[in-house]
Amino acid sequence: MEALIGLIETYHIPVELPSMELMMAGDFIIIIIYAALMGLLAARLKQPTIIAYIITGLILGPAVIGFVEPGELTHTMAELGLAFLLFLIGIEMRVDEVKHILKPLLKISVLLMILISSIGFLTSIGLGFSTSEAIIIGLAVMYSSTAVTIKMLNDKGTATSLHGKIDIGILLFEDIVVVIILTVLAAGQPESVMDVASTLGMVFGLVSMIAIFAAIGSLYFLPPLFRFIANNQKIFFLVSIAWFFLFVLVSHELGMSIEMGAFLAGLAIAQMPYSEELEARVSPLTDLFILVFFVSVGLELDTRALLTYWREALIASVVLMVAKFLIYVILISWQKFDPETVFRGSINMVQVSEFGLIVGSVAVAGGFVDSAILGFLTIIALITMSISVYFIQYNRDLYEFVKPWFDRLTGGAIEKPPTEDLCNHAVIVGFDEIARRVVLLLEDKYDDIVVIDRNIEEDEAIERSGFEAVFGDAKYHKIRKAAGLERADFVFSSSDQREINEMLVEEARDGATVLAEARTEKDAVHLYKRGVDYVVLAPQLAADQLKRYLTAYIKEPVNFEKIVEADLELLRSDALFPTVRPHWSS
Amino acid sequence: MADLLSIISLMFLIAAPFLLLAKIFSVSTAPALIVAGLVVGYFVEEAIMLDIARLGIALLVFTSTVRLQTKDFHTEVTDPELAAVGQLLAVVFIGFSAGLIIGYPPGQAIFIGLTASMSSSLMGSTLFYTRYMDYVHDWLSETIHSIQDFIALFLLMVVAAGTFQISTVAEHLGYGVILLVFATIINRYLYDLIGKFARHSSEIMLIMTVAILLFFLGSAQLMGTSIVVGAFAAGVAINYRPVKYSEVINSLESINDFFVAIFFITIGALVTMPSREVVSLTILLVVIAVVVKPMVMIWILNSKDYERRTATLTGLNLDQVGEFALIFVIEALILGLIIPEIFEAVILAAAITLITTSFTRYYNEQIFRILAFLGLVGDHGKKLKKYSFVPAELKNHIVIVGYGDFARRLVELCNEYDVKYVVIESSPWKIDELKEKSKAFVFGDVFEPDTRELANFSEADLVVSTVDFWAISDELVRYSDQLKVILRTKDRRRAHELLDRGAYYVAVSDLLAADHLEELFHSLVDDEKDLEALWERSAEMLGKEV
């Protein structure tokens, strides 16, 4: 209260300008609006939004017009953005998705990072940077961009192809390394080799401590907690956020990077069935806050910092892109993947990551390097990202173009392993009695049936019955994707929310059969127009059926009890999939 | 790490156990967060939280506006509109008078009345809104909430002027109109264009939507009017969107939940140790919201021919001080329009009533019975006689409870086979249809003995409840030792219970539909003809529109 009164006293302005006190921070408003406009342009030019955001920061900041001085709100949001991004990456670390190629990927990733950071280091030395600067640059340029690659792969629908999985797997390993490096950098500048060792030791100790805490939480604390709150979407979301903030606060109090804490908080949730829904819920916050982060990266650079090394940055960009491509090609083909996978998996990854900028800005904050190095890294990231977008977009055409000699170079074709993704399966949305019946009817026709449902007990029961279950709300794209909707042959939705059913029919592939429930005739008509093959008007069907019972009662009251006998047995059954059928179907 | 980040972390950490309590007691999140805020207030005294809470206010208004717009207003039914305005006026008057009596000047007393009158649609949306309002009282309450939200928004704009001088208020309304016109242009023309330009990227559209919201907030600030006005205009600009934008609307939900949570916690944190004055004022507000407000609604609906049960349940749905009252007082306080005591009392009253409303909702049937027993909710018999028509010899007949899709078919069937029957229904607007289509009809509440007597329950052959409402099933199953009772319920578990308690048969909609569907649809996928035949049947049912 005192704080509020203080605020009133500070800002109180007479009636002519009444509500100036209830003001949003102006810098924040300008940043979001400007970034949105730039983002719009980027989307139009098929460029990643990160580029738009960084350029926004450059334009608004001292490098160009010097219009915006970030306030505390902006600052906090930028920090939150980074923390949320790491949390999200933690949540997305679902080991089983890349389990089958984990081993070769580990080998590739380790060598890859060593080789690329060495090349980054040597290039920097060659360009005249000092040793310590070259080390930071080496550490900053070794990752490829999660934001660019995964996003583009998702947009193209090839994230689950073999080359997509290889890229995602490698990015996972890179993410882990970046988290460790950030933690070390956040500890500040070491004074001696001993200092480096003790810093590393302490960081390792603290990280292990938090990791053990996260692991214990993940094993014993979170499962019952989430089971208890899962059916309330809002509480589930807010408590998960609280879990995230717990780690952020603890890491901060221990003087560690909050990113590491956030990452571990996410990792603790990743292997649970709730991770997909949470991912869908956290992504929008991350999208918003990370925007502020990238804008503020741009805001930190003045003209001098940005342009001091622009020539060097151009040269380094070319060297790094070529080197990255070659190293990826060599390492991926070393693990005996087929040439097309090798080519497409490699060409996707030639950019310098947003993590390079994060490492750079943390290094600047820690006093390791001057902000001109961040400017140098920013230009490299901007150049490599914007070019690589086109490589990813046209990787197939490029491969076809170079195929004759590329295949020879990489030693000819090796058979592609079959993909393990769901295909030609049935997707059931929601799990009411109608959906259960449909599952039984489909059982013989489909090898795989995936049920999307927000009730965790039911999900477990479904899995025990031999079907697959995805926990989550089908209104989220991530959940529909997790069920492999776009590859399904049959879709049944027991949700009567029209929007969800429209999304389902829109995303289902051509030729898939889509059945959906509706509550009203108006909705049914609408769904037919959108292309649903058959709309189940459940209330009307039920009413018709009840009418039949009553007709039977009116005609032959004595026989009624016999007619409903099977029904009563069905009603008394506790089975998930009762096999009793009513009188009419016999 | 900036201080603010620690504060936000702390807020969520403290909120978590309260959220779990909310889950345990089935209370909505808002009061849990406000109470958590009371605790947060002990640790944090930073005005900076307000900065971020403002985004919460804006988002709250923004989403309420979007929700208001997506609702179909039933223009032909004026009862809820009348009831909403009537209740508002009455409660404002009572609150205002009470304020004057205990010694507040008129300028302060009016806020007591206004805040007590604003119920919570946010609460409604967690407690009882569903996509389809099956029960009369829920439908009535939801409509009343929407109308009161709309009035609250209007009043907020007036308050935002910071004075009650007509010219200043008019000026601010003028700003509001300018923003609204611009919002309408965005809504009609620009948003879709932007969508096309962005190739419908949901990430960009989300950011764009937030940017539009901030644009309106910024414009409102530049005009010197409240951000509430800006948020309202932004809500108009976004409005309901076709399915291609639903991903955006869903994404907005996360951002909304995050900032609104911070808003509620901040509100709680602003309350200090309450003084005696604050406590007594809080009690007054709670009494007005929990007792006076529902009674006013009961009285109004009773006089509009609604059943006393419907009236009571509707009244109980509205027995809280809502989130608009909170925005209202925080704006008023910052503008120096109200004293801190009223501000604190409103927040405490909101926290208390938002908790009690969950319980009054849960026990509403019991509360109704007690009130009816005490004779506080009016008579029953009067309207029963006025609208019902029952043939003299009604024996061995079928009693059909409720008149919806199920009942319509049953009435047709009974007419066809010339079976004696009577329909019991309590919605006034169904009377005309029943007069036309049914042979016997009792206008009344099946819970009332008079109703059952008029429908001649004791000599009936069969009672069919077509209403999927547990309280009704629970009531009717008591008669299963005297006559055959067919009930309706949602799931097998409940059906099992009712059968064990003696029900003759229980209709579970989804099971019935599943039976029918299975029969229609044996080869669910293989047979193209099968699908075609179904399709034709469906087309027949839906008319030629398909």
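Same order as they appear, the protein sequences are chains C and V.
Counting in numbering that gives the first Met the number 0, the first sequence runs from 0 upward without gaps.
Counting in numbering that gives the first Met the number 0, the second sequence runs from 0 upward without gaps.
Note that the Cβ used here is the ideal one computed from N, Cα and C, for glycine as well.
Whose CA, out of C:Ile50, C:Ala51, C:Pro69 and C:Tyr52, lies closest to the CA of C:Asp26?
Out of C:Ile50, C:Ala51, C:Pro69 and C:Tyr52, C:Pro69 has the C-alpha closest to the C-alpha of C:Asp26.
Quick one: is C:Thr9 buried, meaning 16 or more other Cβ sit within 10 Å of its Cβ, or exposed?
At C:Thr9, the pLDDT of 41 sits below 50, so the modelled position is not reliable; the number obtained from the coordinates is stated separately. So C:Thr9 counts as exposed.
List the residues of chain C that V:Asp191 touches, going by C-beta distances under 7 Å, in chain order.
In chain order: nothing, as chain C lies at least about 13 Å away.
Determine the chain C residues that contact V:Lys22 at a beta-carbon separation under 8 Å, and present them in chain order.
Residues of chain C passing the Cβ test: Phe227, Ile228, Asn231 and Ile234.
If you measure from the beta carbon of C:Ile553 to each beta carbon in chain V, is any gap under 8 Å?
Chain V contact via Cβ: present.
Let me know the secondary structure DSSP gives V:Ala29 once reduced to three states.
In this structure, V:Ala29 counts as helix in the three-state DSSP scheme.
Find the residues of chain V that neighbour C:Lys546, judging by a C-beta separation of less than 9 Å, and give them in chain order.
In chain order: Phe405, Arg408, Leu409, Glu411 and Leu412.
Going by other Cβ atoms of all chains shown within 10 Å of its Cβ, with 16 needed for buried, is C:Phe466 buried or exposed?
Looking at its Cβ environment, which holds 16 or more other Cβ atoms inside 10 Å, C:Phe466 is buried.
Taking CB distances under 8 Å as the criterion, tell me whether V:Met207 reaches chain C.
Yes, contact with chain C.
In chain V, which residues lie with their C-beta within 7 Å of the C-beta of C:Met271?
Result: empty, since nearest Cβ-Cβ is about 17 Å, beyond 7 Å.
Here's a check: name, in chain order, each residue in its chain whose Cβ is nearer than 7 Å to the Cβ of V:Glu80, leaving out the five neighbours to either side.
Excluding sequence neighbours, V:Glu80 sits near Ile146.
Quick check on the DSSP output: what are the complete alpha helix (DSSP H) runs of length 4 or more inside the region 326 to 360 of chain C, in order along the chain?
With a minimum length of 4 residues, the continuous alpha helix (DSSP H) runs that stay inside the region 326 to 360 of chain C are 338 to 346.
Is it buried or exposed, V:Ile165, if we count other Cβ atoms within 10 angstroms and call 16 or more buried?
With fewer than 16 other Cβ atoms within 10 Å, it is exposed.
Taking only beta-carbon positions, decide if V:Arg198 is within less than 8 Å of chain C.
Yes, V:Arg198 lies at the interface with chain C (some Cβ there is under 8 Å from its Cβ).
Below 7 Å on C-beta distance, what does V:Glu202 contact in chain C?
Per Cβ cutoff of 7 Å: Thr48 and Asp286.
If the criterion is Cβ atoms closer than 8 Å, does the pair C:Leu586 and C:Ser492 meet it?
Lying before the first or after the last residue shown, residue 586 of chain C is absent from chain C, which here runs from 0 to 585.
Below 7 Å, is the gap between the Cβ of V:Thr488 and the nearest heavy atom of the ligand SAH?
Looking for the ligand SAH in the displayed structure turns up nothing, as the structure carries no ligands at all.
State the CB to CB distance for the pair C:Asp488 and C:Ala434, rounded to an integer number of angstroms; the pair is presumed to be in contact (CB under 8 Å).
Not a contact, Cβ separation roughly 17 Å.
Can you give me the Cβ contacts of C:Ile165 inside the same chain, cut-off strictly under 6 Å, excluding the 5 residues immediately before and after it?
If we look at C:Ile165 and ignore the five residues flanking it on each side, its Cβ neighbours are Gly344.
Could you list the residues in the region 335 to 363 of chain C with a C-beta less than 9 Å from some C-beta on chain A, going in chain order?
The structure shown contains no chain A; its protein chains are C and V.
Restricting to Cα atoms, I'd like to know which of V:Ile266, V:Ser274, V:Ser245 and V:Ser63 is closest to V:Arg53.
The option with the nearest alpha carbon to V:Arg53 is V:Ile266.
Which first and last residues belong to the beta strand (DSSP E) in which V:Ser549 is found?
Look at the range of chain V in this structure, 0 to 545, and you will see that residue 549 of chain V is not part of it.
Ordered along the chain, which non-local residues of its own chain (more than five positions away) have a Cβ less than 6 Å from that of C:Ala146?
So the qualifying residues of the chain are Ile49 and Glu353.
For V:Phe17, does the three-state DSSP call read helix, strand or coil?
Helix at V:Phe17.
Does the distance from the C-beta atom of C:Ala34 to that of C:Thr55 stay below 8 Å?
Their beta carbons are under 8 Å apart, which means C:Ala34 touches C:Thr55 by this criterion.
Could you say if the region 544 to 557 of chain C and the region 523 to 531 of chain C meet the contact criterion of at least three C-beta pairs nearer than 8 Å?
No, the region 544 to 557 of chain C is not in contact with the region 523 to 531 of chain C.
Give the interface partners of C:Pro222 over in chain V, defined as CB-CB distance under 8 Å, in chain order.
Under the 8 Å cutoff, chain V gives no residues; its nearest Cβ is about 15 Å from C:Pro222.
Could you confirm whether any beta carbon from chain C is found closer than 8 Å to the beta carbon of V:Asn249?
With 8 Å as the cut-off, V:Asn249 counts as an interface residue toward chain C.
Could you pull the start and end residues of the beta strand (DSSP E) that C:Lys444 belongs to?
Per DSSP, C:Lys444 belongs to no beta strand (DSSP E) and is neither H nor E.
Along chain V, which residues have their Cβ under 7 Å away from the Cβ of C:Thr550?
Under the 7 Å cutoff, chain V gives Leu412.
Using the beta-carbon count (16 or more within 10 Å), is C:Gly355 buried or exposed?
With 16 or more other Cβ atoms within 10 Å, it is buried.
Give a yes or no on whether the C-beta atoms belonging to C:Gly365 and C:Leu205 are separated by under 8 Å.
Their beta carbons are not under 8 Å apart, which means C:Gly365 does not touch C:Leu205 by this criterion.
Buried or exposed: which applies to V:Ile369, given that a residue is buried once 16 or more other Cβ atoms fall within 10 Å of its Cβ?
Counting Cβ neighbours within 10 Å, V:Ile369 comes out exposed, since fewer than 16 surround it.
Classify C:Ala42 as helix, strand or coil using the three-state DSSP reduction.
DSSP places C:Ala42 in helix when its eight states are reduced to three.
I'd like to know if V:Thr359 contacts chain C, where contact means its C-beta is closer than 8 Å to some C-beta of that chain.
It does not: the Cβ of V:Thr359 has no partner Cβ on chain C nearer than 8 Å.
Within 10 angstroms of the Cβ of C:Cys422, are there 16 or more other Cβ atoms? Answer buried if so, exposed if not.
Looking at its Cβ environment, which holds fewer than 16 other Cβ atoms inside 10 Å, C:Cys422 is exposed.
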